[in-house]
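Contents: one structure, followed by commentary.
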Amino acid sequence: MNRHWNSYLNQTLTRRELLQVSSAGFGSLALAGMLEASAGPLAVKPPHFPAKAKRVIFLFMHGGPSQVDTFDYKPLLKRDHGKPLPFERPKVVSSETFNLLQSPWAFKQYGQSGAWVSDLFPETAKMVDDMCFIKSMWGSNSRHGGALLELHTGSDTFVRPSMGSWVTYGLGSENSNMPGFITICPSQSHGGANNFGSAFLPAPYAGTSIGSVGIAARDAKIPFITNKETPRPIQRMEIDYSQELNRKQLELTGPDRALEGRIESFELAFRMQTEAPELQDLSGESEATKKLYGLDNPITEDFGRQCLMARRFSEKGVRFVQVSHTYKWDQHERLKRDHEQNAREVDVPIAGLL
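Going left to right, the sequence shown walks through residues 43 to 396 as the working numbering numbers them.
Spelled out as structure tokens, the structure:
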């Protein structure tokens with residue numbers, strides 16, 4: 043018996059003495075938490091506060107729809123159409139600024155909320171009572187690359203984890219057979235992979251891309267998810283051997299985030315074979331659902347397919363899904379023609395998703 047410890051049992055401990063004798067216990071608690079996190083980085087984590095939302099589907103319109111032509115009604119623009127700016131020219135504007143221009147689209151109020159929506163989005167307008175409009179957001183960078191980095195990561199100059207990475211890092215994934223963060227047909231410009239990267243967070247929290255900009259959603263697949271030439275038991279043996287070599291390398295080199303992420307990605311890729319191909323196959327959806335998302339119309343089919351895939355991923359527990367509409371929204375000219383074309387491609391799918 044440890045007589046020193048036994049002596050503590052026979053006397054009242056001061057607060058300082060209690061901390062001294064229990065410090066090892068606190069360390070064990072911390073170690074247990076660290077080991078749990080390292081054992082499953084994508085395991086579900088309870089939120090700090092109760093939340094109604096469990097997952098996120100982020101619809102990214104590359105280039106940015108004009109807010110004053112879509113959901114932010116400005117009646118004074120109509121009154122002051124053609125007049126000079128009534129305020130000092132903003133310093134962040136880097137191009138020539140002309141007089142005020144009223145929106146070429148009419149606005150109407152919809153739903154019980156009376157939210158204003160322009161004629162660009164007639165189908166989405168029907169869903170306004172299920173929507174929340176945030177009109178206080180602003181950016182500090184007017185350049186494409188910096189602005190999109192700021193949108194996705196919060197910083198326009200430094201490499202930071204993206205939104206999806208932070209959400210997955212904080213809450214984990216509800217499906218161990220799927221990534222916690224998926225981005226469908228992402229752009230490779232204006233920030234590129236940094237817009238869905240994990241930066242200094244461990245690699246498993248980075249977004250898994252399905253296809254890329256310029257690839258039709260019908261053809262966007264997770265690459266190499268199936269291997270018909272090698273039976274699954276043999277694949278399992280190959281992965282086990284590869285992982286053993288990777289772990290021996292870690293023993294020699296110490297912590298290596300890239301290698302640790304590769305180890306986790308191999309395991310996840312093997313597990314994804316059971317669910318990912320099925321989730322990307324939309325043939326089992328009813329004709330009514332396909333029509334709801336616009337898959338029956340060549341104009342809306344591509345974005346509708348992305349939205350439907352996003353819904354299926356979300357229903358299976360993927361924490362954060364980003365859907366991208368390609369780089370067409372930055373209208374320096376031909377605003378009416380091109381914004382109307384863009385809106386026709388996304389209006390029905392957005393309403394269907396809602």
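Don't be surprised by glycine CBs; every beta carbon is placed ideally from N, CA and C. The structure displayed is predicted, hence computed values, not measured ones.
Integer-rounded CB distance, given that residue j should sit under 8 Å from residue i
| i | j | result |
| --- | --- | --- |
| A248 | S240 | 4 Å |
| N288 | I305 | 5 Å |
| Y369 | H194 | With 8 Å as the limit, Y369 and H194 do not qualify as a contact, their Cβ atoms being about 15 Å apart. |
| K87 | L294 | Contact doesn't hold; Cβ gap of about 31 Å is too wide. |
Contact check, residue i vs residue j, beta carbons under 8 Å
| i | j | result |
| --- | --- | --- |
| S366 | F91 | no |
| S218 | R313 | yes |
| Q144 | D171 | no |
| R347 | A235 | no |
| S251 | L84 | no |
| F345 | L321 | no |
| F100 | Q364 | yes |
| P164 | D389 | yes |
| I264 | A318 | yes |
| Q285 | L301 | no |
| G106 | W371 | yes |
Environment of residue i [buried if 16+ CB atoms lie within 10 Å]
| i | result |
| --- | --- |
| N141 | exposed |
| C227 | buried |
| M179 | exposed |
| S184 | exposed |
| L243 | buried |
| S328 | exposed |
| Y152 | buried |
| P128 | exposed |
| A352 | buried |
| L77 | Low per-residue confidence applies at L77: pLDDT is 45, beneath 50, and the placement is therefore not dependable, though the value from the model is reported in the following sentence. L77 is exposed by the Cβ-count criterion. |
| A385 | buried |
| Y211 | buried |
| F238 | buried |
| R379 | exposed |
| T316 | exposed |
| S70 | Only weak support is given to the placement of S70: the predicted model assigns it a pLDDT of 48, under 50, and the value that follows is read from those uncertain coordinates. S70 comes out exposed. |
| F68 | Note on F68: pLDDT 48, under 50, position unreliable in the model; the coordinate value appears next. F68 comes out exposed. |
| E387 | buried |
| P246 | buried |
| G75 | With a pLDDT of only 48 at G75, under the threshold of 50, the placement of this residue in the model should not be trusted; the figure read from the coordinates follows. Exposed. |
| G233 | buried |
| D111 | buried |
| T56 | exposed |
| C349 | buried |
| G206 | buried |
Could you tell me whether the region 108–122 touches the region 156–163, where touching means 3 or more Cβ pairs closer than 8 Å? Put simply, the region 108–122 touches the region 156–163. At least three CB pairs are less than 8 Å apart.
For the structure I just gave you, are there three or more beta carbon pairs, one from the region 333–350 and one from the region 380–396, closer than 8 Å? Result yes; three or more Cβ-Cβ pairs closer than 8 Å.
In chain order, which alpha helix (DSSP H) runs of at least 4 residues are fully inside the region 309–349? 318–322, 329–334
Continuous beta strand (DSSP E) assignments of at least 3 residues falling wholly in the region 207–272: 223–226, 250–252
With three or more C-beta pairs closer than 8 Å as the rule, is the region 183–190 touching the region 210–224? no
Between the region 338–345 and the region 194–212, are three or more C-beta pairs nearer than 8 Å? Not touching, per the Cβ criterion.
For the region 146–200, list the beta strand (DSSP E) runs that are entirely contained and at least 3 residues long, ordered along the chain. 149–152, 157–160
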